[in-house]
Structures are given as C-alpha cells and as structure tokens.
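Asks:
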Amino acid sequence: MSTTAGNASQTMTSTGEMFTLENPVFCCYLFWATVLVVKMNLMSLLTAIQRFRYKIFPNQEDLFFKNLEVKFDDPNVERVRRAHRNDMENILPYFIMSLIYISTNPNADVACNLFRVASVARIIHTLVYAVYPVPQPSRIIAFATMLLITFYMAAVVALRTLNFI
Amino acid sequence: MSTTAGNASQTMTSTGEMFTLENPVFCCYLFWATVLVVKMNLMSLLTAIQRFRYKIFPNQEDLFFKNLEVKFDDPNVERVRRAHRNDMENILPYFIMSLIYISTNPNADVACNLFRVASVARIIHTLVYAVYPVPQPSRIIAFATMLLITFYMAAVVALRTLNFI
Amino acid sequence: MSTTAGNASQTMTSTGEMFTLENPVFCCYLFWATVLVVKMNLMSLLTAIQRFRYKIFPNQEDLFFKNLEVKFDDPNVERVRRAHRNDMENILPYFIMSLIYISTNPNADVACNLFRVASVARIIHTLVYAVYPVPQPSRIIAFATMLLITFYMAAVVALRTLNFI
Chain D
1 MSTTAGNASQ
11 TMTSTGEMFT
21 LENPVFCCYL
31 FWATVLVVKM
41 NLMSLLTAIQ
51 RFRYKIFPNQ
61 EDLFFKNLEV
71 KFDDPNVERV
81 RRAHRNDMEN
91 ILPYFIMSLI
101 YISTNPNADV
111 ACNLFRVASV
121 ARIIHTLVYA
131 VYPVPQPSRI
141 IAFATMLLIT
151 FYMAAVVALR
161 TLNFI
Chain A
166 MSTTAGNASQ
176 TMTSTGEMFT
186 LENPVFCCYL
196 FWATVLVVKM
206 NLMSLLTAIQ
216 RFRYKIFPNQ
226 EDLFFKNLEV
236 KFDDPNVERV
246 RRAHRNDMEN
256 ILPYFIMSLI
266 YISTNPNADV
276 ACNLFRVASV
286 ARIIHTLVYA
296 VYPVPQPSRI
306 IAFATMLLIT
316 FYMAAVVALR
326 TLNFI
Chain R
331 MSTTAGNASQ
341 TMTSTGEMFT
351 LENPVFCCYL
361 FWATVLVVKM
371 NLMSLLTAIQ
381 RFRYKIFPNQ
391 EDLFFKNLEV
401 KFDDPNVERV
411 RRAHRNDMEN
421 ILPYFIMSLI
431 YISTNPNADV
441 ACNLFRVASV
451 ARIIHTLVYA
461 VYPVPQPSRI
471 IAFATMLLIT
481 FYMAAVVALR
491 TLNFI
C-alpha cells in the first residue's frame, strides 16, 4: 500500500492538479460540502421559525408584534442555537481539513466515503439535536463520527507535511 | 452569451486551472473575500471598544480598572456579539461555497457581481445591526441577500456534481 | 520591487499552480492549518471534560447522572466556551485568508514564518485563556499576533487584486 501510495503520488505530482472537476474526489467534496453549507444555513431559518413561533426576539427593532419586549434564554430557541453553534465548531474546520486533505491525493474510494459518512452524520446530528430530540448517545455518536474523520484526515496531512514544520 | 460560456468552459476544462491569478473570477473572489475577512476581524475590535466604553469584562484577568467585577449581558456589548455571531453563521460557509463555486467555471460577470453584491450586503448588515441600528426590514434584506446568493451557488455546484453523491 | 513582483508573477503564471504538494509554502500551510484544526476540535473535548467534571449539562437528554437539572452559566465551562468562540472568530477567517494569500505567490520564508508564528500564537492563546489563566496582557498579545498577521495578508491580497473591485 505504501508503494501504491508512492506511485499514485508520483503520477499526480506530474499532473499536479487536484482542485478541478477532472478529479472525482474533488467533485465528491464539492457535492457534500454544498450539502453541509445548505444544512448550516437552514439552521438560521430554523432559528427564525422558532423565534416567530414563540415570539422571542433579541433586538428592539425585531419586535414585529405589539406589546412585546426583547427576550433571551427561551429553551426552544436556545436549543436550535446550540445545535447551530455546534455546527460552526465542527463543520467549518472540517471544510478546511477535508479540502486540504484532497491535496494529498488520497485513495478515491476512501476519501469519497469519508465525505459521505461525515456529512450524513452531521445531518443526523441536527435531526436528533434541533429537530426531534432523542435520548443519548445518538447525538454523541453523530458528533464523534465527523470528529474522528477530521482527526484521521489531520493525521494523513500532518504526516505527509511533517518536514515543513 | 451561452455560447461564450460554453467555449470558456471547454477552454478551461482543457487547462484545468481555476485557482490562479490568471482567472479574473478568482481574483475578484480574492478581493472581496479579503474585504469580508477584514470586516469580520473588525467586529472583534468593535466588541473590544464596547467592552472598554461600558467597562464590561467577562474574565477576572480582564478587569483593567479598579473596583470592577466580571459582567455579562450588557446590551451594547451583546448587540455587537450577536452581529459577529451572525457573520460567522453566514460569511464563513459563504467563503467555502463561493470558493468551490469558482471551480465550476461560472460566467465571469455573473460570478463577480454575486461576490460584489454579497459582500456589500454583509457590510450593510453590520452597519444596520451593530453600528447604527435602524428599523427592520433593512437587516433582514441584507441578511437574505447573501443567503440567497449562497443558495444559488449551492444549486449550481450540486447540480454539476450530482452524480458524485 | 514592482519589477520583481512582476517577474515572480510571470514565472508562476507559466506554471500556474500554487495549491499542490510541489509548493513548499502550501505544504507549510497544510501542516499548520492541520495543527489549528486539531487544536480547535480539542476545545470541544475540553468543554466536554469541564461539563462532566462540574456536572453542567445544557440539555435534558444529557443528564447522565441522577438528580441533575440542566444548568448554564458555570464559569469553568463558560471560560472554555469563550476561548472556543474566540478561536472561531479568529482562526476560521485566518484559514481562508492564509489560503488565498498563497495564490499571490509570496516569498516562501515570509509566508512559512507567518504561518508558524500565527499558529503558535493561537496555541498560546488557548493555554493562557482556557487551560491555565494568567494575567493580561499575555492573552491580548497572543490574540493580536494572529490578527495582525491576518491584516498583513489581507493587505497583500487586496493590493494585488485591487483592479477587480
């Protein structure tokens, strides 16, 4: 496997180019990164829905109904915001980690399946956290899946670039 | 125009390279992404200004004045922090979405104008949220502008890479 | 200097490619971006450790011990979460800024040392904020280091792409 990786690396080194639509690994990244971007932005809309449903607005200028005051700490709104923050903490670093992981020319099947599993895991994370809360450890498992995939990619990239420390 | 785009697409597929200073779309991304990075980092400084003006510090080691205690939930500080968090929720996914959108070789005029409008919209968002609050729907419109542009780019990328699901 | 920059630009234009393992600046970015991604993800685990140590859980389904209620605003947990949020505010824009800075073909020594200093500064920031709080201005200096490096890169990129405004 080490030999294969070495050969593949040499082959790609001559062409050099990883970040094009010619590279199926990059195309797979494009698709699943897009899914996660849309999923994250939908969290903003989910927060807005909760704010209007429970009439909880944090700014004076947002009081769209009469006789309202600014309010914070509503559990229904805060749950969605915690899920959204967790997305930012995990998905945003993953975007960078998985993008630069592509530059190491990983095995296409391994890389694409990592992208798929990580993305589906985060969709499940949102469902069991913000949409329909279910007992643990469902959320912990969904959370750990992307975390471990990020750590795996980090190990691959760091070992490959260790002499540039 | 469709023909031009098609030709350009063919041309670029053969050379393969999108992420260089040769590509005017990438250059336009570079400029406006830089503007947004600086804008986001200025939010940290704006928060710091508010903290010193109203003497609201969240950590024991930050009490730069005598007879102070740690304090939270000051409305002047929290407004800037909400604007900053909203930036992270929207601009950071947009950075990735618009970067990978470039790889689909979009029409240069369309892409550059999307970058310009999205960036200016977020500058307006900051002004009407954190600097000088004005009545709605100004902030909602500024917010929705980048959101819809992100969704448009997501649709372009997802449709182009759908067979890599 | 303008001539030198022009020549360098021409040289790299012919090869075109910055984002490959052939480019030592990109390899150095890969290594230090990976370090920062791992550092950020460890903040999640540090938060979890604090939550279990002080038995502070924000969701009903997280109450792993009997006779517990959901709790917020524990100073030990919130300190780590503030440090984590500060990472998101600063490191995530830096990831994009330093990545696109590479496309301007900067001097290799300058670029690599900026990556190293910025990354080490943020590790120190975490240590003096979340792990073992020490008196100011240690945290402010660590914070300002990456901020100024980001601003420097922003200036380089913006000046280079100013005609694409």
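Protein chains in written order, with this note's numbering: chain D, 1 to 165; chain A, 166 to 330; chain R, 331 to 495. Just so you know, even glycine gets a beta-carbon here, dropped at the ideal spot from N, CA and C. Bear in mind the structure is a predicted one, so any value in this text is a computation, not a measurement.
Please check if any C-beta of chain R sits within less than 7 Å of the C-beta of Ala-33 of chain D.
Replies: Within the first sequence, residue 33 of chain D is the residue found at index 33, counting from 1. Taking Cβ atoms only, chain R never reaches closer than 7 Å to Ala-33 of chain D, which makes this a no.
Asks: DSSP on Asn-23 of chain D, reduced to helix/strand/coil?
Replies: Within the first sequence, residue 23 of chain D is the residue found at index 23, counting from 1. DSSP places Asn-23 of chain D in coil when its eight states are reduced to three.
Asks: On the three-state DSSP scale, how would you describe Leu-264 of chain A?
Replies: The count along the second sequence starts at 1 and reaches residue 264 of chain A at position 99. Residue state, collapsed to three classes: helix.
Asks: I want to verify the contact list: residues of chain A whose CB lies under 9 Å from the CB of Pro-58 of chain D, in sequence order.
Replies: Here the question's residue 58 of chain D lines up with position 58 in the first sequence. In chain order: Glu-243, Arg-244 and Arg-247.
Asks: Under 7 Å between C-beta atoms, does Ser-433 of chain R make it to chain D?
Replies: Here the question's residue 433 of chain R lines up with position 103 in the third sequence. It does not; no Cβ of chain D falls within 7 Å.
Asks: Please determine, among A:Thr-310, A:Phe-308, A:Ile-330 and A:Gln-301, the residue with the shortest C-alpha to C-alpha distance to Phe-64 of chain D.
Replies: Counting from one through the first sequence, the residue named residue 64 of chain D turns up at place 64. Closest option to Phe-64 of chain D, Cα to Cα, is A:Gln-301.
Asks: Roughly how far, in whole angstroms, is the beta-carbon of Leu-257 of chain A from the beta-carbon of Leu-372 of chain R, given that I think they are within contact range, below 8 Å?
Replies: Translated into the one-based positions of the second sequence, residue 257 of chain A becomes position 92. Translated into the one-based positions of the third sequence, residue 372 of chain R becomes position 42. Incorrect: roughly 20 Å between the Cβ atoms, too far for contact.
Asks: Consult DSSP for Ile-221 of chain A and reduce its assignment to one of helix, strand or coil.
Replies: Translated into the one-based positions of the second sequence, residue 221 of chain A becomes position 56. Ile-221 of chain A: coil per DSSP, three-state reduction.
Asks: Is the Cβ-Cβ distance between Cys-192 of chain A and Thr-491 of chain R less than 7 Å?
Replies: Reading the second sequence from its first residue, position 27 is the one you call residue 192 of chain A. Reading the third sequence from its first residue, position 161 is the one you call residue 491 of chain R. For Cys-192 of chain A and Thr-491 of chain R, yes; Cβs fall inside 7 Å.
Asks: Can you look up Met-348 of chain R in the DSSP assignment and give me helix, strand or coil?
Replies: On the third sequence, position 18 is the one that residue 348 of chain R refers to. It is coil, neither helix nor strand.
Asks: Let me see if you follow: with CB-CB separation under 7 Å, is Ile-330 of chain A close to chain D or not?
Replies: Sequence index remark: in the second sequence, residue 330 of chain A carries index 165 (1-based). Yes, its Cβ sits closer than 7 Å to a Cβ of chain D.
Asks: Give, in chain order, every unbroken run of the alpha helix (DSSP H) that is at least 4 residues long and sits entirely within the stretch 235 to 279 of chain A.
Replies: Those alpha helix (DSSP H) runs which fall completely within the stretch 235 to 279 of chain A and span 4+ residues are 240 to 267.
Asks: Alpha carbon to alpha carbon, what distance is there between Val-355 of chain R and Val-445 of chain R?
Replies: The residue given as residue 445 of chain R occupies position 115 in the third sequence. The residue given as residue 355 of chain R occupies position 25 in the third sequence. A small fix is needed here, since residue 445 of chain R is Phe in this sequence, not Val. Rounded to the nearest angstrom, the two C-alpha atoms are 9 Å apart.
Asks: Decide if Val-37 of chain D is buried, meaning its Cβ has at least 16 other Cβ atoms within 10 Å, or exposed.
Replies: As a working mapping, residue 37 of chain D is identified with position 37 in the first sequence. So Val-37 of chain D ends up on the buried side.
Asks: Using 7 Å as the threshold, is the C-beta distance between Gln-215 of chain A and Val-245 of chain A below it?
Replies: As a working mapping, residue 215 of chain A is identified with position 50 in the second sequence. As a working mapping, residue 245 of chain A is identified with position 80 in the second sequence. Yes, these two residues count as a Cβ contact at 7 Å.
Asks: Under the three-state reduction of DSSP, which class applies to Val-132 of chain D: helix, strand or coil?
Replies: Mapped onto the first sequence, residue 132 of chain D falls at position 132. Here the sequence assigns Tyr to residue 132 of chain D, which means Val is not the residue at that position. Coil.
Asks: Quick one: what does DSSP say Ile-214 of chain A is sitting in, helix, strand or coil?
Replies: Taking the second sequence and counting its residues from 1, one reaches residue 214 of chain A at position 49. Three-state DSSP puts Ile-214 of chain A in a helix.
Asks: Taking C-beta to C-beta, are Asn-90 of chain D and Met-146 of chain D nearer than 7 Å?
Replies: Translated into positions along the first sequence, residue 90 of chain D becomes position 90. Translated into positions along the first sequence, residue 146 of chain D becomes position 146. Yes, Cβ-Cβ distance for Asn-90 of chain D and Met-146 of chain D is below 7 Å.
Asks: Just mark Val-200 of chain A as buried or exposed, buried being the case when its beta carbon has 16 or more other beta carbons within 10 Å.
Replies: Position 35 of the second sequence, counted from the start, is the residue given in the question as residue 200 of chain A. Counting Cβ neighbours within 10 Å, Val-200 of chain A comes out buried, since at least 16 surround it.
Asks: Nearest CA to the CA of Leu-46 of chain D: which residue from D:Ser-98, D:Glu-78 and D:Asp-62?
Replies: As a position in the first sequence, residue 46 of chain D is number 46, starting the count at 1. Taking only the C-alpha atoms, the option nearest Leu-46 of chain D is D:Glu-78.
Asks: Go through its chain and collect everything with a Cβ distance to Ile-56 of chain D's Cβ below 7 Å, but skip five positions before and after it.
Replies: As a first step, residue 56 of chain D must be located in the first sequence, where it is residue number 56. These residues qualify, in order along the chain: Lys-71, Asp-74 and Val-77.
Asks: Run down chain A in chain order and give the residues with a C-beta less than 8 Å from the C-beta of Leu-492 of chain R.
Replies: Start at 1 with the first residue of the third sequence, and residue 492 of chain R comes out as number 162. Near Leu-492 of chain R (Cβ distances below 8 Å), the residues of chain A are Phe-196.
Asks: Kindly examine the ligand GDP and report whether one of its heavy atoms sits closer than 6 Å to the Cβ of Tyr-424 of chain R.
Replies: Because no ligand of any kind appears in the structure shown, any question about the ligand GDP cannot be addressed here.
Asks: Ordered along the chain, which non-local residues of its own chain (more than five positions away) have a Cβ less than 7 Å from that of Tyr-259 of chain A?
Replies: Within the second sequence, numbered from 1, the residue matching residue 259 of chain A stands at position 94. Contacts found: Ala-283, Met-311 and Thr-315.
Asks: From the beta carbon of Leu-422 of chain R, is the nearest beta carbon of chain D less than 7 Å away?
Replies: The residue labelled residue 422 of chain R in the question sits at position 92 within the third sequence. Taking Cβ atoms only, chain D reaches closer than 7 Å to Leu-422 of chain R, which makes this a yes.
Asks: Within 7 Å of any Cβ in chain A, is that where the Cβ of Phe-349 of chain R sits?
Replies: Taking the first residue of the third sequence as position 1, residue 349 of chain R is located at position 19. With 7 Å as the cut-off, Phe-349 of chain R counts as an interface residue toward chain A.
Asks: Does Ser-332 of chain R pass the burial test, meaning 16 or more other C-beta atoms within 10 Å, or should it be called exposed?
Replies: As a position in the third sequence, residue 332 of chain R is number 2, starting the count at 1. Here Ser-332 of chain R scores only 40 on pLDDT, less than 50, and its place in the model should not be relied on; the value that follows carries that caveat. By the neighbour-count rule (16 or more Cβ atoms within 10 Å), Ser-332 of chain R is not buried but exposed.
Asks: Any beta-carbon of chain D closer than 7 Å to the one on Val-440 of chain R?
Replies: The sequence position of residue 440 of chain R within the third sequence is 110, counting from 1. No, its Cβ sits nowhere closer than 7 Å to a Cβ of chain D.
Asks: In whole angstroms, give me the CA-to-CA distance for Tyr-294 of chain A and Phe-308 of chain A.
Replies: Locating residue 294 of chain A in the second sequence gives position 129, where the first residue counts as 1. Locating residue 308 of chain A in the second sequence gives position 143, where the first residue counts as 1. Spanning the two alpha carbons is a distance of roughly 10 Å.
Asks: Would DSSP call Asn-232 of chain A helix, strand or coil?
Replies: Looking up residue 232 of chain A in the second sequence gives position 67. Note: Asn-232 of chain A maps to coil in three-state DSSP.
Asks: Should Ala-323 of chain A and Thr-291 of chain A be called a contact, given that it needs their Cβ atoms to be closer than 7 Å?
Replies: Residue 323 of chain A sits at position 158 when you count from the first residue of the second sequence. Residue 291 of chain A sits at position 126 when you count from the first residue of the second sequence. Not closer than 7 Å, so no.
Asks: Tell me whether Ile-141 of chain D sits in a helix, a strand or coil according to DSSP, three-state version.
Replies: On the first sequence, residue 141 of chain D is found 141 positions in, with the first residue counted as 1. Three-state result, Ile-141 of chain D: helix.
Asks: I want to verify the contact list: residues of chain D whose CB lies under 7 Å from the CB of Asp-404 of chain R, in sequence order.
Replies: Position 74 of the third sequence, counting from 1, holds the residue named residue 404 of chain R. Here the premise fails: no neighbours, minimum Cβ distance about 15 Å.
Asks: Is Ile-165 of chain D helix, strand or coil when you go by DSSP?
Replies: Position 165 of the first sequence, counting from 1, holds the residue named residue 165 of chain D. Ile-165 of chain D falls in the coil class under three-state DSSP.
Asks: In chain D, which residues lie with their C-beta within 7 Å of the C-beta of Phe-382 of chain R?
Replies: To locate residue 382 of chain R, count along the third sequence from 1; it is residue 52. Result: empty, since nearest Cβ-Cβ is about 12 Å, beyond 7 Å.
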